[in-house]
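For any residue, its number in the numbering used here is found by taking its place in the sequence shown, counting from 1, and adding 962. A virtual CB, placed ideally from N, CA and C, is assigned to each residue, including glycine. Values in this document were obtained by computation on a predicted structure and should not be read as measured data.
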Amino acid sequence: KFQSTRFFYLFKKHNILVLIAILSCMSLFLYEQYIFGGRLFLFEDFGSDSVRVSLPTYIYFFDWFKSGMPLWSDKMGIGTSVLSHGDIIFDPFTYILFIFGKNGIIYMFAYMIIAKIIFSGIFFWMFLGKYKLSSYAKLIGAITYAFGGYMIVTGQNYVFGTIYTYIPLIFLGFEIWLQDRKKRLLI
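What follows is the structure in C-alpha cells.
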C-alpha cells in the first residue's frame, strides 16, 4: 500500500512527467523487438505499402532536401509538384526518420511510431484537462487513447497516425473556443 500511495503522490505532483514515463515505457515494451531485438518494423507492419510506397517516398524526400528543395519533380509519376506530398513534408514526425541520414531511414520507423504514441497521449491528456476530471481519469484516458486500436493498427499508415496524434489538439482548440472564447489554438 505504501508504494501505491507514493506513486499517486508523485503523480499528483508531476503528472505530465509520469504520463510521459508511462507512455515511453509501454512503447518500449511494445516495440522492444524493433528497438533492441534487431528486427525491422518496416517489413512487419500493417501492409506492404510501407516497403513499396513509403520507404521510396521518404528516401526521395531526403534527397530532395539535400538538393535544394525544387518544387517540381519528374521522379514522382509523370512529373508533379512536390507539395502534392505535403502530408509528408509538413509532418514533423517525418524528420525523425532523417536523424541518422539516408541509410538510417529504414531503422527509424519504429521510433517515429513511438513518438506519435507519446505525443498523442500528451495531447489527449491536455484535451481532457479542459474538463473537471481527476488526475487519474486523465491519465487512464490518455494511455487508452495513445494505445488505442486506431494508432496501433491504422497508425502504421504513417499519415493516419499523424492525424490521430493531432485530433486531440483540434478538439482542445474547439473546447478553448467554446469555453473561453479564444480562437487562437483552433486556428
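Taking the Cβ atoms as the reference, Ile1021 lies roughly 6 Å from Ile1067, within the contact range of under 8 Å.
DSSP, read as helix, strand or coil, puts His976 in coil. Judged by DSSP secondary structure, Met1088 falls within the alpha helix (DSSP H) whose first and last residues are 1071–1090. The three-state reading of DSSP puts Lys1064 in helix, counting H, G and I together. Apart from sequence neighbours up to five positions away, the residues of its chain that approach Tyr1073 with a beta-carbon distance below 6 Å are Ile1058, ordered along the chain.
Assigned with DSSP and collapsed to three states, Leu1059 falls in coil, not helix or strand.
DSSP places Ser1097 in the uninterrupted alpha helix (DSSP H) bounded by 1097–1108. Burial of Thr1056 is indicated by the presence of at least 16 other C-beta atoms within 10 angstroms of its C-beta. Look at Tyr996 here: in three-state DSSP terms it is helix. Here Gly1083 is near Leu985, since their CB atoms are less than 7 Å apart. Around the beta carbon of Ser1029, fewer than 16 other beta carbons sit within 10 angstroms, so the residue counts as exposed.
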